[in-house]
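K.L.:
Could you have a look at this structure, given as structure tokens, before my questions?
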Amino acid sequence: MRWLLFFVAGSLGAVDFATDVHPILASRCLGCHSGATPQGGFSLATREGALKGKSEIVARIKGEAGLPMPPTGKSLDEKQIAILEAWVTADLPWTDVEKKAPSGWQAPLEPRVVALPASDETNPIDKLLDKQMSWRPPVSDAVFARRAYLDLWGITPTPEQFRSFDGNRAKLVDTLLADRKMVTGHWISFWNDLLRDDLRAYHGGEKSIRPWLIKSLNANMPYDQMVRELVNPVGPDSPEGFLLGINWRGDVNASQRPMIQAAQNTAQVFLGVNLKCASCHDSFINQYKLKEAYGMAALFSEERELDLYRCDVNTGDKVGPQFLFPAVGPAVGENRRADAAALFTSPKNGRLARTFVNRIWAKLFGRGIVEPVDDMDAQPFNADLLDWLAVDFARDYDIHRLTKLIMTSRAWQQTAEANLTTKFRGPVPRRLTAEQVVDTLSAITGEWRVVQTDTSARFAREWELRSTALTRALGRPMRDQVITTRNTESSTLQALELVNGVTIHQQLRRGAQRLVGMLPSPPQSLWDSSGLRREGKRPFDITVKGPELHFLVDDIGSFDPDRTVVRWLDLQLDGKPVEVEGRLGTVVKLTIPPGEHKLTGALEMDPAGKQSDINSAVRGYIFPSAPDRNLLARITDEPPVPLRKPAKLVDDLFLQTLGRAPAPVERQLAQKAEVEDLLWILINHPEFQYVD
Amino acid sequence: MSIDRRFFLRHGVAATLAALHGNSPRLLSAPRSGKADSMILLWMAGGMAQTETFDPKRHTPYESGLPSDRVLSTFKPIPTAIDAVQISEGLEKIAGVLDRGTLIRSHRVGDLGFILHSRHQFHWHTGYAPPQSVACPHFGAFVARTLGKKNPDIPAFLSIGQNLEIGGESDAVKAFHTAGFLGAEYGPFHIADPRDAVAVTRPNELIGQSRFASRRELHRKLLESSPIHQGSDAQKESFLNSLDNAHRLLTSPAAKAFDLSLEPEKIYSTYNTSRFGLGCLLARRLVEAGARFIEVTTEYIPFRYWDTHENGHTRVRGMKQTIDAPIAQLIRDLEQRGLLDTTLVVVATEFGRDMMTEGKPGLEVKNQVTVPEVMTDLKHYGMHRHFTDAVSVLAFGGGIKKGSVYGETAPERPCKTIKDPIGIEDLHASLYSALGIAPDTKYEIEQRPFYVTKDGKGKVHNRLFA
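This is the structure we're talking about:
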């Protein structure tokens with residue numbers, strides 16, 4: 000801890016920002032003067048922010064000018080005013096209460112065996128924390144259940160799941176972990192962020208590792224094995240996309256070539272080291288050197304020796320393969336990737352396990368044992384805890400075992416409190432991720448997004464599809480870089496999506512209708528072309544009934560939908576020609592006489608044969624009545640979570656969103672609301688948006 | 000992530016305070032070449048051919064059998080409001096206001112080794128060529144972050160006209176329509192179609208006005224009735240503040256700025272050449288209301304609009320019809336309202352075009368378009384290849400010199416820049432500077448500085464300014 004000392008007139012003596020000033024700000028000021036949209040545009044969350052209003056602070060808190068601050072509640076007392084005044088006089092000295100100074104701290108490389116201290120606690124984590132904790136009572140069963148479901152399945156529990164929870168917390172964690180598909184459905188977003196896997200292409204040979212990832216997570220593959228396969232992908236099902244990186248066609252800066260990206264990403268993800276600066280020149284922010292970054296890059300490059308570029312200029316030097324921590328040894332041999340895999344996962348490389356347990360800790364507690372999680376050279380708040388966990392994890396690299404160990408600890412079951420100091424007290428409140436918000440809303444209402452292949456369609460969780468304006472606003476990232484911490488800030492643009500966005504309101508409207516059984520079941524198509532790509536035609540010969548038919552050709556991923564040309568060809572009703580315009584995305588209605596008829600014809604793509612460079616993809620349908628644009632193809636599989644019919648609507652909705660029953664006054668208010676509005680209110684309730 | 004402290008020291012606390020509380024948000028003591036406090040970027044998406052628009056060369060009329068390499072311009076030159084300066088036929092109205100600004104003919108865009116529209120657009124909009132190791136902010140996001148909101152009810156940064164779901168290049172386009180590491184608060188408020196602007200700033204049709212209000216009221220009451228002590232958790236407060244801000248924006252009188260139907264019919268119809276034209280009108284209204292940075296694009300869709308791979312002459316004629324009147328009217332309107340001095344208006348594109356040269360002259364780049372040696376069809380007549388050595392940029396207002404031409408290109412193919420070349424770093428430096436933002440303004444990400452111009456090295460070209 001770096002102490003900034005300064006004197007206050009009178010008897011107070013030395014005053015420290017973190018222990019004296021910040022608690023005042025936190026309890027009386029930051030509620031309004033922080034975040035993305037601070038009151039009056041004045042933020043006290045950073046020194047820069049505070050500087051902007053420096054000249055006014057004292058006058059406001061003394062009530063001498065302007066609107067007195069704080070505007071509500073008691074005024075600050077004399078001592079508090081004196082502290083803040085002294086702080087202003089000293090030009091607002093500041094310590095980042097989030098950061099620990101790395102002074103003199105040398106992060107160990109090798110694993111370090113830590114003997115568990117004597118303690119009445121049973122969970123090793125609690126034994127290690129016992130001395131520094133002032134334990135508070137654990138959270139209630141309801142809060143625990145909500146946390147456990149959100150952290151393992153990414154969806155809040157249903158009322159039945161709440162009710163059937165008997166208080167056996169370890170058992171609940173086991174039960175939830177046992178449903179691999181649900182666990183993967185939540186955790187895959189963490190992995191996609193970490194390994195920057197997404198459904199995208201920048202024309203440069205990216206390759207998704209998704210099939211491998213799903214398989215690995217469903218199998219709870221040991222972490223060291225995952226790392227070996229990521230670093231040394233072999234075979235057609237291997238995750239080679241991770242090392243390929245993001246590649247745009249054309250020249251790229253020397254520091255962004257694929258092997259340098261591989262060096263940056265493997266160092267960041269697996270070792271908690273930022274090599275981005277050192278990829279261009281010796282780093283200014285940490286101890287890593289250009290040559291070390293190139294040594295890592297040479298593990299993954301085509302040629303064994305790399306020309307060393309400094310700031311995009313060839314230095315004339317050559318660098319061969321070398322692991323970032325040569326002490327792990329041995330030297331890299333002929334098979335560089337296999338050797339790299341062995342080095343990353345070597346028993347002597349304690350960094351691998353430390354980095355990973357810290358990530359899982361940070362996910363579950365909202366803050367790492369080391370912060371930031373990508374700087375594992377920084378000092379942990381409890382080195383024994385980190386080292387013990389790392390050694391324990393490295394016994395089998397079992398991610399589920401680690402997760403359970405943390406979730407069954409007393410530490411994790413402490414009430415979540417916004418942490419204003421570096422002192423560890425338990426979890427901090429965590430904002431729900433975009434996926435948790437959308438999937439929970441889907442689970443409540445049965446209104447899911449649809450993922451379709453050329454021949455099938457099914458309801459899917461958010462992660463399976465490309466992001467929407469809503470989920471991007473809620474922090475689902477474009478994964479052009481490794482993302483290890485989601486942006487959880489609130490912003491006006493995000494709120495606009497929640498308050499007025501079309502995506503969420505359609506889901507709410509349809510969801511509310513579905514929930515109360517008012518959503519008309521979608522008409523099933525009489526004919527479905529299945530996916531039609533590039534060119535060619537698909538004929539049909541079907542029996543239809545009057546009085547109307549609805550024709551629709553839907554785009555399912557054309558490179559350029561604007562240039563996709565389709566037509567209904569040789570349409571004949573009972574042998575007589577009929578015309579239907581082939582317009583992509585527009586339903587065309589055809590009125591026919593009542594009764595049964597024979598309809599023949601074909602859907603033809605690109606009669607002019609111009610598709611060579613635009614890869615069109617469409618799917619055509621004929622419906623007996625106006626189609627439901629959200630549900631064109633027949634849904635085959637069961638939804639990710641079965642739809643339940645609420646018994647007591649208001650109570651159930653409260654339980655499933657906020658994790659508690661409504662108070663009588665809340666129930667009374669809620670019963671007056673439209674279901675759709677109530678859903679919106681609950682989704683936008685801070686008790687829903689945060690995991691406490 | 001925090002703004003560099005030096006920046007604040009240099010700009011002075013008083014100025015920043017004014018920015019926070021007053022109506023005069025300019026960074027008063029900033030070193031500046033210009034005096035703009037807002038900017039409109041009119042983006043000619045797809046690569047606007049310079050020799051067909053603002054840098055005409057020898058005109059060769061079409062005839063069957065015409066050798067392709069003889070053609071430099073397919074339009075006749077026309078006079079402009081600047082003596083002895085000509086631009087291309089079809090841009091008469093812009094020609095009439097050219098004396099209000101500077102025509103830059105020597106912008107050399109990035110040489111990225113391969114022509115890819117979205118990559119060049121990313122480069123132009125952020126100053127950095129992808130891929131990058133951190134998420135790069137859009138120019139507008141830097142402006143929004145640095146200058147802050149001018150009107151609390153109007154987003155600082157708006158982008159108008161680009162549909163983000165355009166098929167295969169959707170992700171590439173989304174990649175730079177973002178505030179990147181600066182965070183969502185500085186990201187673009189996105190309006191794909193200016194005709195929908197009023198709808199996106201009002202409670203949407205699924206809710207409706209009255210229900211919107213009652214829903215909010217019930218939200219408030221339910222929160223008050225919660226038996227859970229909500230505490231003074233800054234995060235949750237901030238979340239609720241953001242909802243308040245969104246509601247305020249949607250019900251604010253300032254939202255009138257988005258309502259194009261409030262414009263006099265005559266003005267509206269002048270702008271109403273296209274979605275782009277109406278975007279210009281919307282941009283003007285937003286500047287009046289206090290927006291900081293507005294991009295209006297003709298929209299990028301592969302092979303559409305300015306992306307002329309064939310039939311260039313005919314298509315460029317159409318594009319000129321969509322941009323000529325609105326751009327000229329925008330300049331006149333701003334001038335008439337006394338806003339041209341404080342509003343920087345820039346017309347730019349990701350690269351130029353030529354009939355023969357692909358990419359940078361003298362470098363072998365993969366040919367993307369086949370050009371016949373001899374034209375046999377009108378569709379062969381036009382600039383169908385991508386050209387990076389010289390691009391025309393228009394800049395008006397914000398202290399930019401009036402009635403001036405900057406830079407020069409050779410009269411004969413490959414019509415390279417021969418005087419005052421200005422690359423993206425210097426162009427951005429000059430534009431930022433017109434807004435009072437130093438080119439080495441930096442923000443911290445992952446403990447490293449990230450500058451508004453690459454490595455903070457962009458140089459202001461002072462001769463662009465009066």
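From first to last, the protein sequence lines are chains A and B. The first sequence begins at 0 in numbering that gives the first Met the number 0 and counts up by one. The second sequence begins at 0 in numbering that gives the first Met the number 0 and counts up by one. Glycine included, every Cβ here is placed at the ideal spot set by N, Cα and C.
At a cut-off of 6 Å, would you count B/G361 as near the ligand HEM, judging by its Cβ distance to the nearest heavy atom?
P.N.:
Judged by which ligands are present, the structure shown has none, so any question about the ligand HEM falls away.
K.L.:
My understanding is that B/V451 touches B/I436, with C-beta atoms under 8 Å, so please give their C-beta distance in whole angstroms.
P.N.:
Working through the second sequence from its first residue, we reach residue 451 of chain B at position 452. Working through the second sequence from its first residue, we reach residue 436 of chain B at position 437. Sure, about 6 Å apart at Cβ, within 8 Å.
K.L.:
Flag this pair as yes or no: are the beta carbons of A/G474 and A/N486 separated by less than 7 Å?
P.N.:
Taking the first residue of the first sequence as 1, we reach residue 474 of chain A at position 475. Taking the first residue of the first sequence as 1, we reach residue 486 of chain A at position 487. A contact, by the Cβ cut-off of 7 Å.
K.L.:
Using C-beta distances below 6 Å, list every residue in its chain close to A/P426, excluding the 5 sequence neighbours before and after it, in chain order.
P.N.:
The residue labelled residue 426 of chain A in the question sits at position 427 within the first sequence. Correct list, in chain order: F364, G365 and A415.
K.L.:
Looking at the secondary structure, which residues open and close the beta strand (DSSP E) in which B/D470 lies?
P.N.:
Since the first residue shown for chain B is 0 and the last is 465, residue 470 of chain B is missing from the structure and cannot be characterised.
K.L.:
For the stretch 417-436 of chain A, which residues have a beta carbon sitting closer than 8 Å to at least one beta carbon of chain B?
P.N.:
Residues passing the 8 Å Cβ filter: A417, P428 and R430.
K.L.:
Just to make sure I have the definition right: I need the residues of chain A whose C-beta is within less than 7 Å of the C-beta of B/V246. Which are they?
P.N.:
Your numbering for residue 246 of chain B matches position 247 in the second sequence. First, the amino acid is wrong: residue 246 of chain B is His here, not Val. What B/H246 touches in chain A: V498.
K.L.:
For the putative contact between B/A171 and B/A140, defined by C-beta atoms under 8 Å, what is the C-beta separation to the nearest angstrom?
P.N.:
Looking up residue 171 of chain B in the second sequence gives position 172. Looking up residue 140 of chain B in the second sequence gives position 141. Actually they are not in contact, since the Cβ atoms of B/A171 and B/A140 sit about 18 Å apart, beyond 8 Å.
K.L.:
Which first and last residues belong to the alpha helix (DSSP H) in which A/F622 is found?
P.N.:
The residue labelled residue 622 of chain A in the question sits at position 623 within the first sequence. Element bounds for A/F622: not the alpha helix (DSSP H) but the beta strand (DSSP E), A616 to F622.
K.L.:
Whose C-alpha, out of B/E309, B/G351 and B/P252, is nearest the C-alpha of B/V108?
P.N.:
Locating residue 108 of chain B in the second sequence gives position 109, where the first residue counts as 1. Per the Cα distances, B/G351.
K.L.:
Would you check if the distance between the CB atom of A/D438 and the CB atom of A/R111 is smaller than 7 Å?
P.N.:
On the first sequence, position 439 is the one that residue 438 of chain A refers to. On the first sequence, position 112 is the one that residue 111 of chain A refers to. It is not a contact, given that the beta carbons lie outside the stated cut-off.
K.L.:
Here's the rule I'm using: 16 or more other beta-carbon atoms within 10 Å means buried, otherwise exposed. How should A/V674 be labelled?
P.N.:
By 1-based counting over the first sequence, the position of residue 674 of chain A is 675. With 16 or more Cβ atoms within 10 Å of its Cβ, A/V674 is classed as buried.
K.L.:
Name the residue from B/H137, B/T272, B/Q208 and B/G166 whose alpha carbon lies nearest to the alpha carbon of B/A155.
P.N.:
Residue 155 of chain B sits at position 156 when you count from the first residue of the second sequence. Ranking B/H137, B/T272, B/Q208 and B/G166 by Cα distance to B/A155 puts B/H137 first.
K.L.:
Within the 7 Å Cβ cut-off, does A/K275 reach chain B?
P.N.:
Position 276 of the first sequence holds residue 275 of chain A. So, interface residue.
K.L.:
Are any of the Cβ atoms in chain A nearer than 7 Å to that of B/E236?
P.N.:
Looking up residue 236 of chain B in the second sequence gives position 237. Yes, its Cβ sits closer than 7 Å to a Cβ of chain A.
K.L.:
Going by beta carbon distance, what residues of the same chain come within less than 6 Å of A/G9, once the five residues before and after it are set aside?
P.N.:
Working through the first sequence from its first residue, we reach residue 9 of chain A at position 10. For A/G9, the predicted structure reports a pLDDT of 33, less than 50, and the residue's modelled location is therefore unreliable. A value from the coordinates is still provided. Result list for A/G9: empty, nothing under 6 Å.
K.L.:
With contact counted as at least three CB pairs below 8 Å, one residue from each stretch, are the stretch 364-380 of chain B and the stretch 74-89 of chain B in contact?
P.N.:
No, because fewer than three Cβ pairs between the stretch 364-380 of chain B and the stretch 74-89 of chain B fall closer than 8 Å, the two stretches do not touch.
K.L.:
For a quick check, are the C-beta atoms of A/V138 and A/Q412 less than 7 Å apart?
P.N.:
For the purposes of this step, residue 138 of chain A is identified with residue 139 of the first sequence, where counting begins at 1. For the purposes of this step, residue 412 of chain A is identified with residue 413 of the first sequence, where counting begins at 1. Cβ distance < 7 Å, so A/V138 and A/Q412 count as in contact.
K.L.:
Under 8 Å by Cβ, that's how I've got B/W42 and B/T297 pegged, so tell me the actual separation to the nearest angstrom.
P.N.:
Taking the first residue of the second sequence as position 1, residue 42 of chain B is located at position 43. Taking the first residue of the second sequence as position 1, residue 297 of chain B is located at position 298. So it is a contact: roughly 7 Å between Cβ atoms.
K.L.:
Using a Cβ-Cβ cut-off of 8 Å (strictly less than) and excluding sequence neighbours within five positions of B/R412, which residues of its own chain qualify?
P.N.:
To locate residue 412 of chain B, count along the second sequence from 1; it is residue 413. Only D68, L71, D353, M355 and T356 meet the Cβ criterion.
K.L.:
Please determine, among B/R331, B/A256 and B/S158, the residue with the shortest C-alpha to C-alpha distance to B/E294.
P.N.:
Here the question's residue 294 of chain B lines up with position 295 in the second sequence. Ranking the options by Cα distance to B/E294, first place goes to B/S158.
K.L.:
Using a threshold of 7 Å, state whether the C-beta atoms of B/A433 and B/A35 are closer than that.
P.N.:
Mapped onto the second sequence, residue 433 of chain B falls at position 434. Mapped onto the second sequence, residue 35 of chain B falls at position 36. Taking 7 Å as the Cβ cut-off, B/A433 and B/A35 qualify as a contacting pair.
K.L.:
In chain order, what residues of the stretch 166-177 of chain B put their CB closer than 9 Å to some CB of chain A?
P.N.:
Answer in chain order: G166, G167, E168, S169, D170, A171, K173, A174 and T177.
K.L.:
What are the start and end residues of the alpha helix (DSSP H) that includes B/Y431?
P.N.:
Taking the second sequence and counting its residues from 1, the one referred to as residue 431 of chain B is at position 432. First-last of the alpha helix (DSSP H) with B/Y431: I423 to A433.
K.L.:
Counting beta carbon pairs with one atom in the stretch 314-323 of chain B and one in the stretch 44-61 of chain B, are three or more of them shorter than 8 Å?
P.N.:
Yes: the two stretches touch, three or more of their Cβ pairs being nearer than 8 Å.
K.L.:
Along the chain, where does the alpha helix (DSSP H) that runs through A/R353 open and close?
P.N.:
Residue numbering aside, residue 353 of chain A sits at position 354 when the first sequence is read from its first letter. Element bounds for A/R353: G349 to F364.
K.L.:
Residue range of the beta strand (DSSP E) that A/N217 falls in?
P.N.:
For the purposes of this step, residue 217 of chain A is taken as residue 218 along the first sequence, with counting starting at 1. No beta strand (DSSP E) holds A/N217; the alpha helix (DSSP H) holding it covers R209 to N217.
K.L.:
Using a Cβ cut-off of 7 Å, pull out every chain A residue sitting near B/N203, in sequence order please.
P.N.:
Taking the second sequence and counting its residues from 1, one reaches residue 203 of chain B at position 204. Chain A residues near B/N203: N499, V501 and H504.
K.L.:
Select from B/N150, B/S260, B/F395 and B/S268 the residue whose C-alpha is nearest the C-alpha of B/E287.
P.N.:
Your numbering for residue 287 of chain B matches position 288 in the second sequence. Of B/N150, B/S260, B/F395 and B/S268, the residue nearest in Cα terms is B/N150.
K.L.:
Which same chain residues end up closer than 6 Å to B/S429 when comparing Cβ atoms and leaving out the 5 residues on each side of it in sequence?
P.N.:
Taking the first residue of the second sequence as position 1, residue 429 of chain B is located at position 430. Cβ within range, chain order: V459, H460 and L463.
K.L.:
Any idea which residues DSSP pairs B/S117 with across the strands?
P.N.:
As a position in the second sequence, residue 117 of chain B is number 118, starting the count at 1. The partner list for B/S117 (beta bridge, DSSP) is empty, contrary to what the question assumes.
K.L.:
Quick one: is B/D439 near chain A, going by C-beta distance under 7 Å?
P.N.:
Taking the second sequence and counting its residues from 1, one reaches residue 439 of chain B at position 440. Not an interface residue.
K.L.:
According to DSSP, is B/Y299 helix, strand or coil?
P.N.:
Locating residue 299 of chain B in the second sequence gives position 300, counting from the first residue. B/Y299 falls in the coil class under three-state DSSP.
K.L.:
Roughly how many whole angstroms lie between the Cα atoms of A/V226 and A/K180?
P.N.:
Start at 1 with the first residue of the first sequence, and residue 226 of chain A comes out as number 227. Start at 1 with the first residue of the first sequence, and residue 180 of chain A comes out as number 181. Their backbone Cα atoms lie some 21 Å apart in a straight line.
K.L.:
On a CA-only basis, which of A/I443, A/D395, A/T444 and A/A361 is nearest A/I405? Give me that one, please.
P.N.:
Reading the first sequence from its first residue, position 406 is the one you call residue 405 of chain A. That would be A/A361, whose Cα lies nearest to the Cα of A/I405.
K.L.:
Helix, strand or coil, according to DSSP, for A/H32 in the structure here?
P.N.:
As a working note, residue 32 of chain A is residue 33 in the first sequence. A/H32 falls in the coil class under three-state DSSP.
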